[in-house]
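Colleague: Read in order, the letters of the sequence shown are residues 215 to 453 in our numbering.
Yeah, the Cβ is synthetic: ideal placement off N, Cα and C, and Gly gets one too.
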Amino acid sequence: MKLALVTGGSGGIGAACCQALADAGFRVAIHYRSGKENAEKLQQTLPDSFLIQADLSTEQGIDQVVDLIKEAGDIEVLVNNAGMTADGPLLRAKYENFDQIVTVNMKSTWYLTRKIARLMIKKKHGRVINISSVVGSTGNYGQTLYGMTKAAINNFTRSAAIELADYNVLINSIAPGFIDTKMTSDLPQEAREAILSQIPLKRMGKPEDVAKMVRFLATEGDYCTGSVFHVNGGMYGGG
Ligand SMILES: NC(=O)c1ccc[n+]([C@@H]2O[C@H](COP(=O)([O-])OP(=O)(O)OC[C@H]3O[C@@H](n4cnc5c(N)ncnc54)[C@H](OP(=O)(O)O)[C@@H]3O)[C@@H](O)[C@H]2O)c1
Numbered sequence: 215m216k217l218a219l220v221t222g223g224s225g226g227i228g229a230a231c232c233q234a235l236a237d238a239g240f241r242v243a244i245h246y247r248s249g250k251e252n253a254e255k256l257q258q259t260l261p262d263s264f265l266i267q268a269d270l271s272t273e274q275g276i277d278q279v280v281d282l283i284k285e286a287g288d289i290e291v292l293v294n295n296a297g298m299t300a301d302g303p304l305l306r307a308k309y310e311n312f313d314q315i316v317t318v319n320m321k322s323t324w325y326l327t328r329k330i331a332r333l334m335i336k337k338k339h340g341r342v343i344n345i346s347s348v349v350g351s352t353g354n355y356g357q358t359l360y361g362m363t364k365a366a367i368n369n370f371t372r373s374a375a376i377e378l379a380d381y382n383v384l385i386n387s388i389a390p391g392f393i394d395t396k397m398t399s400d401l402p403q404e405a406r407e408a409i410l411s412q413i414p415l416k417r418m419g420k421p422e423d424v425a426k427m428v429r430f431l432a433t434e435g436d437y438c439t440g441s442v443f444h445v446n447g448g449m450y451g452g453g
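Dropping the structure here:
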């Protein structure tokens with residue numbers, strides 16, 4: 215059975231990605247850090263899926279994930295979805311805010327891809343899908359750090375695509391707009407209304423909207439690599 219790993223499967227978008235890949239016939243490795251209950255509930259509904267617990271902000275955590283994947287079989291799809299935000303105006307930011315968000319969002323994506331791509335190269339087949347954000351292209355008030363990490367993920371995607379193309383390992387980013395998950399649940403009503411006014415489709419996205427694009431890139435999209443796919447209800451068209 216084809217094997218797919220989704221990081222942050224305990225979260226909103228990650229869980230929808232696990233579901234979409236299981237529906238497409240993958241055996242899914244559901245990674246989580248602290249959301250054991252969510253991850254376990256999801257695992258019970260997805261045939262043949264299994265759980266991997268790890269903190270991806272450490273090298274040891276990443277190595278743990280890779281070891282378990284090696285034991286499970288040949289990996290075809292990696293979805294680098296785990297991420298965090300640390301919002302606040304630049305003028306109030308503290309020096310130490312930088313390291314955590316850069317480590318969780320950027321370093322883990324870069325290093326896990328490096329390790330998993332080595333496994334994919336042996337089979338001359340693989341798909342890596344990085345979840346970035348519309349904010350990585352547009353910027354946003356209070357998200358200087360978050361937006362910077364997501365822009366970096368898009369650039370990483372482009373360079374890695376060039377390096378991995380010879381091995382038939384394709385790598386793309388998906389840049390979601392504002393999606394209804396825990397990450398956006400604390401937005402004050404005013405901010406939510408301001409966001410909605412910028413979305414031509416007049417609604418927040420659902421995790422499934424992102425997961426459908428993940429499924430496409432995992433199973434179709436044979437001529438797509440190094441690209442950023444925008445899933446945002448029309449608020450930004452790329453270019
Ligand atoms: N929601 C949006 O509007 C939106 C828009 C654009 C992009 N995104 C991106 O989409 C991805 C998923 O976000 P979401 O909205 O689904 O948020 P979420 O529900 O808060 O999920 C975040 C996930 O990341 C995991 N995670 C956080 N820090 C981690 C660490 N140090 N090690 C391992 N895992 C860690 C969490 O694991 P545990 O809960 O198990 O600790 C959780 O599964 C993120 O990369 C986010 O930046 C979200």
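1) Measuring from the CB of Pro414, is there a heavy atom of ligand 1 at a distance below 7 Å?
2) Just tell me which of Tyr355, Ser441 and Ser373 has its CA closest to the CA of Ala300.
3) Here's the rule: buried if 16 or more other CB atoms are within 10 angstroms of the residue's CB, otherwise exposed. What is Glu377?
4) Do Ala366 and Met320 have their C-beta atoms within less than 8 Å of each other?
5) What does a CB cutoff of less than 7 Å around Ile335 pick up in its chain, not counting 5 residues either side in sequence?
6) For ligand 1, I want to know if Phe370 counts as a neighbour, meaning its beta carbon is within less than 7 Å of at least one of the ligand's heavy atoms.
7) Relative to the C-alpha of Ile343, which candidate in Thr371, Tyr325 and Arg332 has its C-alpha closest?
8) Pop quiz: Val316 and Thr363 are said to be a contact at Cβ under 8 Å. What is the actual Cβ separation, rounded to whole angstroms?
9) Is the closest heavy atom of ligand 1 to the C-beta of Phe392 under 7 Å?
10) Report buried or exposed for Ala375, applying the criterion of at least 16 other Cβ atoms within 10 angstroms of its Cβ.
11) I want to know whether the stretch 442-450 touches the stretch 247-262 - three or more CB-CB distances under 8 Å.
12) Which whole runs of the beta strand (DSSP E) in the stretch 326-414 are 3 residues long or more, in chain order?
13) Between the C-alpha atoms of Ser224 and Leu256, what's the straight-line distance to the nearest angstrom?
14) Only counting the same chain, and skipping five residues up and downstream in sequence, which positions put a Cβ closer than 8 Å to that of Gly226?
15) Assuming the contact rule is C-beta atoms closer than 8 Å, Ala268 and His245 should be a hit. Round their C-beta distance to whole Å, please.
16) Around the C-beta of Gly419, are 16 or more other C-beta atoms found within 10 angstroms, so that it is buried, or is it exposed?
17) Would DSSP call Leu260 helix, strand or coil?
18) Does the distance between the C-beta of Lys308 and the nearest non-hydrogen atom of ligand 3 fall short of 7 Å?
19) Assign Leu305 to one of three DSSP states: helix, strand, or coil.
20) So for Gly435, helix, strand or coil by DSSP?
21) With H, G and I counted as helix, E and B as strand and the rest as coil, what does DSSP make of Asn319?
22) Inspect the beta-carbon positions of Gly448 and Leu415 and report whether they are closer than 8 Å.
Modeller: The short version:
1) At a threshold of 7 Å, Pro414 does not count as near ligand 1, since its beta carbon sits no closer than that to any of the ligand's heavy atoms.
2) Taking only the C-alpha atoms, the option nearest Ala300 is Tyr355.
3) exposed
4) yes
5) Tyr381 and Val383
6) no
7) Thr371
8) 6 Å
9) Yes, the Cβ of Phe392 comes within 7 Å of a heavy atom of ligand 1.
10) By the neighbour-count criterion, in which 16 or more other beta carbons inside 10 Å mark a residue as buried, Ala375 falls on the buried side.
11) No, the stretch 442-450 does not touch the stretch 247-262.
12) 340-345 and 383-390
13) 8 Å
14) Result list for Gly226: Ile393, Asp394, Thr395, Lys396, Met397 and Pro421, in chain order.
15) Contact between Ala268 and His245 holds: CB atoms are separated by about 6 Å, below the 8 Å threshold.
16) buried
17) coil
18) With respect to small molecules bound, the structure shown includes ligand 1 and not ligand 3.
19) helix
20) DSSP, reduced to helix, strand and coil, places Gly435 outside both helices and strands of the structure shown, so it counts as coil.
21) helix
22) Closer than 8 Å, so yes.
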